[in-house]
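Under the working numbering, the sequence shown is numbered contiguously, ending at residue 88.
C-beta atoms are modelled at their ideal positions from N, C-alpha and C, and glycine is treated no differently.
Contents: one structure, followed by commentary.
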Amino acid sequence: MQRVIILIFVIFAFLVTLQEAKPADICQPTEFRCRDGRQCVPQFFQCDGEQDCQDGSDEVGCSRIFSRQR
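Structure (structure tokens):
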């Protein structure tokens, strides 16, 4: 029984890791695909005044007037 619990935990941890590190080619409709193609961030992070993409592409071309504070 203990081995089953450990196996379930390992599988769960693996699935969580996959979710966090998903490739950008499978971004959800509510996500912004970073220019480098390696990252997806929520759309509301785009033009919020903070670089959320590692390449900073979520802040490129943003006007200060439209930038939001978090």
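Measure the alpha-carbon distance for Gln61 versus Glu49 and round it to whole angstroms. Each residue's Cα considered, the two are about 5 Å apart.
Look up Val59 in the DSSP assignment and give the residues it is bridged to. Its beta-bridge partners are Phe50.
By how many angstroms is the C-alpha of Cys65 removed from the C-alpha of Ser81? Distance between the alpha carbons of Ser81 and Cys65 is about 8 Å.
Step through the CB atoms of chain C and report whether any lies within less than 8 Å of the CB of Cys45. In the structure shown, chain C does not exist; there is a single protein chain.
Have a look at Cys45 and Gln57 and give me their C-alpha separation to the nearest angstrom. Just so you know, the alpha carbons of Cys45 and Gln57 end up roughly 8 Å apart.
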